[in-house]
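Enquirer:
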Amino acid sequence: MTPPGGRSSLRDRLARGEALLNGWLHVPSPFSAEVMAHAGWDALTLDTQHGPFDFTGAVPMIQAIQTTGTHVLARVPGLDAGLIGKFLDAGAEGVICPVIETRAECEAFVAACRYPPHGSRSFGPTRAALHFGADYGTRADALVVPMPMIETARGLENVDEIAGVPGVGALFVGPGDLSLSLDGEARLDREDKGFLEVLARVVRAAQAHRVAAGIFTASPGYARRMLSLGYTFVTVSSDARLLAAAAGAAIREVRA
Ligand code: 3PY
Ligand code: MG
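Numbers given in my numbering equal positions in the sequence shown, counted from 1, plus 10.
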């Protein structure tokens, strides 16, 4: 399915194995989201789990991003079918759902993203039909990308079953929570062999089921490393972290 402007959908690009750079939005501002959208990311994710904004705050951010060709995803706070439907109706092309640990949870998540007979999403694509076209309802299941997060020991144990749920578009690793669950401490951009093997295991599960593998990273260097490990949907830092780093660097340079 083709979104407006003849571009390939996020789903098609992931299925082709394209390497996509995803920006992560924590700043609750449509203008900031618009600035990020013009920076050249392939996709932007509104993090409504940890970002300081809710659905009402997110909608104008989605509108601002979709003035460009950047794909929009929402990371929802949890497995809430009603809220997932609202984000899709508002025009999100993908949904990242935290802490999916079993096949049954993944099935419930994917069902929330798809219309009957394949799922249980309720019909009412208010803004999505404006953005994607009046026939959105008949094409939505081929467009929408459900991304279950692998971020606990239990999710990792069941990663093959989760990856095998029909309709999944990509697995998405949350390294902070996964480290917390496996080793008792939240860490990002880990270099130790044990954790790199865990990350490789997720890629193997994704590839075995022909879905993409995505991950959150804190730095461009680690993002490159993840691309070489087989991840193709790679998040690099967040708007707030990038802003803080750039501001800090400018201040240090002037004061030096
Ligand atoms: C994690 O690292 O746990 C995440 O959810 C990434 O945002
Ligand atoms: Mg997490």
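Using N, Cα and C, we set each Cβ at its ideal position, and we do this for glycine too.
Computed from a predicted structure; not experimentally measured.
#1: Give the range of the beta strand (DSSP E) segment to which G224 is assigned.
#2: Compute the distance between the beta-carbons of V86 and I94, then report whether it is under 7 Å.
#3: Distance, Cα to Cα, F63 vs A266?
#4: Which parts of the region 73-144 are runs of the alpha helix (DSSP H), unbroken and 4 residues or longer, counting only runs that do not cross its ends?
#5: What residue does the alpha helix (DSSP H) around P40 start on, and which one ends it?
#6: Looking at the structure shown, is D187 part of a helix, part of a strand, or coil, going by DSSP?
#7: What are the boundary residues of the alpha helix (DSSP H) that F205 is part of?
#8: For a quick check, are the C-beta atoms of L54 and I75 less than 7 Å apart?
#9: Distance, Cα to Cα, H60 vs A150?
#10: Need the endpoints of the beta strand (DSSP E) that P158 sits in, please.
#11: Give every residue of the same chain whose Cβ lies closer than 7 Å to the Cβ of N168, excluding the five residues on either side of it in the sequence, and list them in chain order.
#12: Given this structure, state the Cα-to-Cα distance separating A222 from V264, to the nearest angstrom.
#13: Mapping DSSP to helix, strand and coil, what is V264?
#14: Any heavy atom of ligand 2 closer than 6 Å to the CB of G184?
#15: Report buried or exposed for F243, applying the criterion of at least 16 other Cβ atoms within 10 angstroms of its Cβ.
#16: Return helix, strand or coil for V269, following the three-state DSSP convention.
Expert: Judging by the given coordinates:
#1: 222-227
#2: yes
#3: 36 Å
#4: 91-99, 113-123, 138-142
#5: 40-47
#6: helix
#7: 203-218
#8: yes
#9: 27 Å
#10: 155-160
#11: E111, T112, R113
#12: 43 Å
#13: helix
#14: yes
#15: buried
#16: Because the chain is modelled from 11 through 266, residue 269 falls outside the range shown and cannot be assessed.
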